[in-house]
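Student: The sequence shown: position 425 = 461 (this note's numbering), numbered continuously.
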Amino acid sequence: MNIGNMAISGLVASNIDIQGIITQLGQIRRRPVEVMKQEQTVQAARLTAYQQLTARCLSLCSSAATLEDGSAFGQVVASSGNDAAVAVSASAGAPAGSYSIVVDALAQSHKVASAAVSSASEELGMAGEIILNGKTISIGAADSLADIRDAINAAGDGASASILTASPTDHRLTIASLTSGAAGALEMIDANSSDILQALGIQSGPAEVLHVISDGAASNAIASRVEPVGQALGLAQAPAGTVQINGTDVAIDLATDSLQEIAARISAIDGVEATTEIISVDGQAAYRLEITGTEGQPTFTDANNVLVTLGVLGHDFANTVSAAQDAMFSIDGVAMSRSTNAVDDALENVQLQLRQETAGEAVAVSVQRNDAATVAAVESFVAGYNSVIGFVNQHQQFDTETEQGGLFFGAHAVLSLESNLRSQVSGLVSTLGGELKLAAQVGLTFNSSDQLVFDSGTFTDALASNPEGLRRLFGERTDATSAFVEIASTTAATPDSGAAGWAV
Numbered sequence: 037m038n039i040g041n042m043a044i045s046g047l048v049a050s051n052i053d054i055q056g057i058i059t060q061l062g063q064i065r066r067r068p069v070e071v072m073k074q075e076q077t078v079q080a081a082r083l084t085a086y087q088q089l090t091a092r093c094l095s096l097c098s099s100a101a102t103l104e105d106g107s108a109f110g111q112v113v114a115s116s117g118n119d120a121a122v123a124v125s126a127s128a129g130a131p132a133g134s135y136s137i138v139v140d141a142l143a144q145s146h147k148v149a150s151a152a153v154s155s156a157s158e159e160l161g162m163a164g165e166i167i168l169n170g171k172t173i174s175i176g177a178a179d180s181l182a183d184i185r186d187a188i189n190a191a192g193d194g195a196s197a198s199i200l201t202a203s204p205t206d207h208r209l210t211i212a213s214l215t216s217g218a219a220g221a222l223e224m225i226d227a228n229s230s231d232i233l234q235a236l237g238i239q240s241g242p243a244e245v246l247h248v249i250s251d252g253a254a255s256n257a258i259a260s261r262v263e264p265v266g267q268a269l270g271l272a273q274a275p276a277g278t279v280q281i282n283g284t285d286v287a288i289d290l291a292t293d294s295l296q297e298i299a300a301r302i303s304a305i306d307g308v309e310a311t312t313e314i315i316s317v318d319g320q321a322a323y324r325l326e327i328t329g330t331e332g333q334p335t336f337t338d339a340n341n342v343l344v345t346l347g348v349l350g351h352d353f354a355n356t357v358s359a360a361q362d363a364m365f366s367i368d369g370v371a372m373s374r375s376t377n378a379v380d381d382a383l384e385n386v387q388l389q390l391r392q393e394t395a396g397e398a399v400a401v402s403v404q405r406n407d408a409a410t411v412a413a414v415e416s417f418v419a420g421y422n423s424v425i426g427f428v429n430q431h432q433q434f435d436t437e438t439e440q441g442g443l444f445f446g447a448h449a450v451l452s453l454e455s456n457l458r459s460q461v462s463g464l465v466s467t468l469g470g471e472l473k474l475a476a477q478v479g480l481t482f483n484s485s486d487q488l489v490f491d492s493g494t495f496t497d498a499l500a501s502n503p504e505g506l507r508r509l510f511g512e513r514t515d516a517t518s519a520f521v522e523i524a525s526t527t528a529a530t531p532d533s534g535a536a537g538w539a540v
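1) I'd like the list of long-range same chain contacts for residue 436, defined as Cβ closer than 7 Å, with 5 residues on each side in sequence excluded.
2) Hey, could you find the ends of the alpha helix (DSSP H) residue 410 is sitting in?
3) Give the straight-line distance between the Cα atoms of residue 418 and residue 489, rounded to the nearest whole angstrom.
4) Go ahead and label residue 275 buried or exposed: buried means 16 or more other beta carbons lie within 10 angstroms of its beta carbon, across all protein chains shown.
5) On the criterion of 16 or more Cβ atoms from any shown chain inside 10 Å, does residue 150 qualify as buried, or is it exposed?
6) Is the distance from the Cβ of residue 298 to the Cβ of residue 288 below 7 Å?
7) Return yes when the Cβ of residue 405 is within less than 7 Å of the Cβ of residue 112, no when it is not.
8) Among 502, 364, 246 and 284, which has the Cα closest to the Cα of residue 304?
9) Would you give the residue range spanned by the beta strand (DSSP E) that residue 348 belongs to?
10) Apart from the five residues just before and just after residue 301, which ones in its own chain have a Cβ nearer than 6 Å to its Cβ?
11) Is DSSP giving residue 142 helix, strand or coil here?
12) Where do the N-terminal and C-terminal ends of the beta strand (DSSP E) with residue 249 fall, by residue?
13) Between which two residues does the beta strand (DSSP E) carrying residue 164 extend?
14) Along the chain, where does the beta strand (DSSP E) that runs through residue 326 open and close?
15) Report the partner residues of residue 207 according to the DSSP bridge assignment.
16) State yes or no: is the C-beta of residue 102 within less than 7 Å of the C-beta of residue 413?
17) So if DSSP puts residue 390 in a beta bridge, which residue, or which two residues, is it bridged to?
18) Which partner residues does residue 82 have in the DSSP bridge list?
19) Can you grab the Cα-Cα spacing for the pair residue 396 / residue 213, in whole Å?
20) Among the candidates 290, 474, 254 and 277, whose CA atom is the shortest distance from the CA of residue 265?
21) Please work out which residues of its chain come closer than 7 Å, Cβ to Cβ, to residue 235, disregarding the five sequence neighbours upstream and downstream, and give them in chain order.
22) Taking 6 Å as the limit between beta carbons, can you name the residues of its chain near residue 221, skipping five residues before and five after?
23) For residue 229 versus residue 340, is the C-beta distance shorter than 7 Å?
24) With three or more beta-carbon pairs closer than 8 Å as the criterion, would you say the region 429-449 touches the region 493-500?
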């Protein structure tokens, strides 16, 4: 017993750290796991670094693209001596120059109005069909002014209708063309026997010849000369009546008579000839009735709006809010007209917005090269390049104290990227055949940290003295020595032709 007690006493009394041994054994067992976790942390950090490097490279590519495609070198700035009258903007490629612009008239959209009615929602008691810009609109006796507005807007006829309320008892229908200029004039026809447009106060006055031709009059364009006119015009209730031409009665029923039949009936009158002629309307074949007299233009007397529906006769608008009018202006004394006030085809790559008539006074407009925008594009490229190189350098360093390399330390792909970028910027461009062959010639040099340094003064001087050479230095350039050969396009895989080019 004593021996046993001594053994136990000796073990307990010893200096062996049993708990410490157990702890160390546990740490040894966990070591591979901890090493793996540390490696995972490093790899995650490396992945993040590569993602950040990719983002910087993409930003650099974006900046380089504006230099490569030449758009950064064609930037211009335009100014007007009177923005209130003529606003101006210019896009890349616009030639520098000064221009004198006089605005005689602004383009307008045609707009007309009806007479006043006491209520926009009460029945008007008018029934029949009207034609607006070639579209038939049916009006019922129970329709109000608001209903007519809605029918016009639903027709898709190139016009917009609204109601102008001057007072609780003064409501007017306004109809505006959606196309500005003289060609956008509204065409409205009372294709009924009850004179709806005149009753509304939209049209007024006697019917007069609408389309004057030599010794006669012509109708509107009609889609067919063999179908009944009413059917060709899309009328459900085409008018009929006995009209007079040179005092002779001619019975016409547009619901059943074709253009050819009407022409034959009119031609039976002494001293009058009627024919159907083919014409083109928006690239489509159409027909019109032409009525001529041997002794000059025949006389016309309508009945039930038959000749008005044909378009031989027409009424004036009673209330014209704005006339259909083209813009009339001159540039450097050359008179011009356009259907809109936005003019983008008079000066190359220059957009004009005519805003106000100038009463004969000239507005000075100038277009100048925007060197500041070009410099900014190069500065953006330099910043992008330095961002990539700086980021690479930051993660390539080796810490001698910890004996640990950066996330990119020894990475061949990153080293290759850095080398290629530098050679692309600093290398000799041998195919240009001009004076500028090195980026250093135009103010792009390297410092001791391989960062790009940009001398904007040197660059601006080169831009002023040799803009085309500068553009060639930074970007791809394709030329052909013959007018009979044109280079349509190239891709990133297209090899350098060399200074001598390719023989075609």
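Ideal placement from N, C-alpha and C gives every residue a C-beta, glycine not left out.
Small disclaimer: the values here were computed from a predicted structure and weren't measured.
Tutor: Per the coordinate set shown:
1) Residue numbering aside, residue 436 sits at position 400 when the sequence shown is read from its first letter. Closer than 7 Å at Cβ, skipping near neighbours: no residue.
2) Within the sequence shown, numbered from 1, the residue matching residue 410 stands at position 374. Here the alpha helix (DSSP H) through residue 410 covers 407-430.
3) Position 382 of the sequence shown, counted from the start, is the residue given in the question as residue 418. Position 453 of the sequence shown, counted from the start, is the residue given in the question as residue 489. Looking at the two C-alpha atoms, the distance is approximately 8 Å.
4) Numbered from its first residue, the sequence shown carries residue 275 at position 239. So residue 275 counts as buried.
5) As a working note, residue 150 is residue 114 in the sequence shown. Label assigned to residue 150: buried.
6) On the sequence shown, residue 298 is found 262 positions in, with the first residue counted as 1. On the sequence shown, residue 288 is found 252 positions in, with the first residue counted as 1. In this structure, residue 288 lies closer than 7 Å to residue 298 by Cβ.
7) For the purposes of this step, residue 112 is identified with residue 76 of the sequence shown, where counting begins at 1. For the purposes of this step, residue 405 is identified with residue 369 of the sequence shown, where counting begins at 1. In this structure, residue 405 lies closer than 7 Å to residue 112 by Cβ.
8) Residue mapping note: residue 304 aligns to position 268 of the sequence shown, counting from 1. Looking at the Cα atoms, 284 is the closest of the given residues.
9) Counting from one through the sequence shown, the residue named residue 348 turns up at place 312. Element bounds for residue 348: n/a, residue is neither H nor E.
10) What you label residue 301 is simply residue 265 of the sequence shown in a count that begins at 1. Hits under 6 Å: 286.
11) In the sequence shown, counting from the first residue as 1, residue 142 sits at position 106. In the structure shown, residue 142 sits in coil (DSSP, three-state: anything other than H, G, I, E or B).
12) Mapped onto the sequence shown, residue 249 falls at position 213. Looking at the DSSP string, the run of the beta strand (DSSP E) that includes residue 249 is 247-249.
13) For the purposes of this step, residue 164 is taken as residue 128 along the sequence shown, with counting starting at 1. 164-168 is the extent of the beta strand (DSSP E) around residue 164.
14) Residue mapping note: residue 326 aligns to position 290 of the sequence shown, counting from 1. Residue 326 -> beta strand (DSSP E) spans 320-329.
15) Sequence index remark: in the sequence shown, residue 207 carries index 171 (1-based). Residue 207 is bridged to 153 and 201.
16) Residue mapping note: residue 102 aligns to position 66 of the sequence shown, counting from 1. Residue mapping note: residue 413 aligns to position 377 of the sequence shown, counting from 1. Yes, Cβ-Cβ distance for residue 102 and residue 413 is below 7 Å.
17) Numbered from its first residue, the sequence shown carries residue 390 at position 354. Residue 390 is bridged to 122.
18) Along the sequence shown, read from residue 1 onward, the residue named residue 82 stands at position 46. Bridge partners of residue 82: none, in fact.
19) Stepping through the sequence shown from its first residue, residue 396 is reached at position 360. Stepping through the sequence shown from its first residue, residue 213 is reached at position 177. When rounded, the distance between both Cα atoms is 29 Å.
20) For the purposes of this step, residue 265 is taken as the residue at position 229 of the sequence shown. If we check each option's Cα against that of residue 265, 290 comes out closest.
21) Position 199 of the sequence shown holds residue 235. Correct list, in chain order: 162.
22) Translated into positions along the sequence shown, residue 221 becomes position 185. Within the same chain, residue 221 has close Cβ partners 146 and 360.
23) For the purposes of this step, residue 229 is taken as the residue at position 193 of the sequence shown. For the purposes of this step, residue 340 is taken as the residue at position 304 of the sequence shown. For residue 229 and residue 340, yes; Cβs fall inside 7 Å.
24) no
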